[in-house]
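A quick write-up on the structure given underneath.
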Amino acid sequence: MSAETTPSYLDTPQGRRIAYHKTEGQGPCVVFLGGLKSDMEGTKALHLETWARARGQAFLRFDYSGHGQSSNTFEEGCIGDWHEDTLAAVDQLTEGPIVPVGSSMGGWQALLLAKARATRIKGMVTIAAAPDFTEDGYWANFTDAQKAQLEAEGQVALPSDYMEPYIVTKRMVENGRENLVLRDALPLPFPVRCLQGTDDSAVSTETALRLLDHATCDDMRLTLVKDADHRFSDEACLGLIEAAVAEVL
1 MSAETTPSYL
11 DTPQGRRIAY
21 HKTEGQGPCV
31 VFLGGLKSDM
41 EGTKALHLET
51 WARARGQAFL
61 RFDYSGHGQS
71 SNTFEEGCIG
81 DWHEDTLAAV
91 DQLTEGPIVP
101 VGSSMGGWQA
111 LLLAKARATR
121 IKGMVTIAAA
131 PDFTEDGYWA
141 NFTDAQKAQL
151 EAEGQVALPS
161 DYMEPYIVTK
171 RMVENGRENL
181 VLRDALPLPF
191 PVRCLQGTDD
201 SAVSTETALR
211 LLDHATCDDM
221 RLTLVKDADH
231 RFSDEACLGL
241 IEAAVAEVL
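With full-length UniProt numbering, you'll find the sequence shown wraps up at 249, consecutive numbering, no jumps.
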C-alpha cells in the first residue's frame with residue numbers, strides 16, 4: 001500500500017466519483033492507466049509512483065468507476081465510461097504534457113486518450129495492451145449459446161486466469177464497438193514503447209504485433225519478454241517499465 005492510503009476524490013461531469021493519488025513534481029506528468037478489474041494499488045502503479053517520486057516527477061494514478069475505491073459497480077461500466085473517467089482525471093488533475101502508461105485494458109484507454117488529447121501527450125508506454133478486446137477477445141470467442149445468453153439476459157459470466165469469474169454485459173460489448181481503435185486510422189504523433197510478455201494468457205503477442213502494425217507512428221517500439229506473463233510485475237519487468245517511461249520522457 002502507498003504511504004498515503006486515503007485517496008483524494010474527483011467528481012466527473014457524468015456524476016461518478018473517482019479515487020486518485022497525485023504526486024506533485026516536474027512535468028510531464030506520468031499517468032498510470034490500470035487494467036480491467038485492477039486498481040491503483042497494484043504492483044506496477046505503486047512501483048512507478050515510488051520511481052516518479054524519487055525522480056521528482058509528477059505522477060497520477062486513479063481508479064476507474066466500478067474499480068477500487070471509486071463509485072459505481074464494475075458491472076455497470078464499459079470502455080466508454082472508463083474513457084470519460086480518464087478524460088476527467090487528465091483534464092482536471094494534470095496540466096501540460098503527460099505520459100500515459102497503460103496496462104492491459106489501460107493500453108486501450110491510452111489509445112483512446114491519444115485520439116482525444118493527442119496534443120497533450122509527450123510519449124506513451126503500454127504494457128500488454130489490450131485494444132478492442134471486447135470485440136476480438138470476448139465477442140469473437142463467444143459460442144452461439146453465449147451470444148444468445150448475452151442477448152436474452154444481458155450478460156455472460158466468464159472465467160479468468162487472474163481473478164474470480166467476471167461478468168461481461170451486453171452494454172460492455174456494444175459500447176466497446178463504439179470505441180474500437182484497430183479498425184481505422186490511429187495516428188500516434190509521439191514516441192511509443194510497447195511491452196509484452198510471451199507467456200501472457202490474457203493478451204496475445206499477436207495483439208501486440210497487430211497494434212504495432214496498425215498505428216501510424218514515427219518512433220514506436222515493441223519489446224517482447226520471453227516467458228513474462230500478463231502481470232508483468234517481477235523485478236526485471238518493472239525495470240523495463242521504468243526504462244521505457246524514462247525513454248519517452
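For glycine and all other residues, C-beta sits at the position ideal for the given N, C-alpha and C. Predicted, not measured: the structure shown is a model, and the values here were computed from it.
Out of the options, point me to the one whose CA is closest to residue i's CA.
i: PHE232; options: GLY56, PRO28 and THR126; result: THR126
i: ALA246; options: GLY34, SER38 and TRP51; result: TRP51
i: LEU209; options: PHE62, THR223, ILE98 and GLY96; result: THR223
i: ASP136; options: MET172, GLY96, THR6 and GLU84; result: MET172
i: LEU33; options: GLY154, ARG55, HIS83 and ALA244; result: HIS83
One question on the structure: do residue i and residue j come within less than 9 Å of each other, judged by their Cβ atoms?
i: CYS78; j: THR169; result: yes
i: SER104; j: ALA128; result: yes
i: MET40; j: GLN14; result: no
i: LEU60; j: GLU242; result: no
i: PHE133; j: GLY176; result: yes
i: PHE190; j: VAL248; result: yes
Run through DSSP, which three-state label would residue i get?
i: LEU182; result: coil
i: LEU188; result: coil
i: PHE232; result: coil
i: GLN26; result: strand
i: CYS194; result: strand
i: ALA157; result: strand
i: LEU112; result: helix
i: VAL203; result: coil
i: THR134; result: helix
i: THR169; result: strand
i: LEU249; result: coil
Please report the distance separating the alpha-carbon of residue i from that of residue j.
i: residue 284; j: ASN179; result: Here the chain covers residues 1 to 249 and nothing more, so residue 284 does not appear.
i: GLU76; j: ALA145; result: 23 Å
i: ALA152; j: ASP184; result: 31 Å
i: GLY25; j: TRP139; result: 42 Å
i: ARG17; j: LEU10; result: 6 Å
i: LYS147; j: GLN57; result: 46 Å
Are the C-beta of residue i and some C-beta of chain B separated by less than 9 Å?
i: ARG16; result: This model lacks chain B altogether; it includes just one protein chain.
Every unbroken beta strand (DSSP E) within the segment 35 to 110, with a cutoff of 3 residues, ordered by chain: 57 to 62 and 98 to 103
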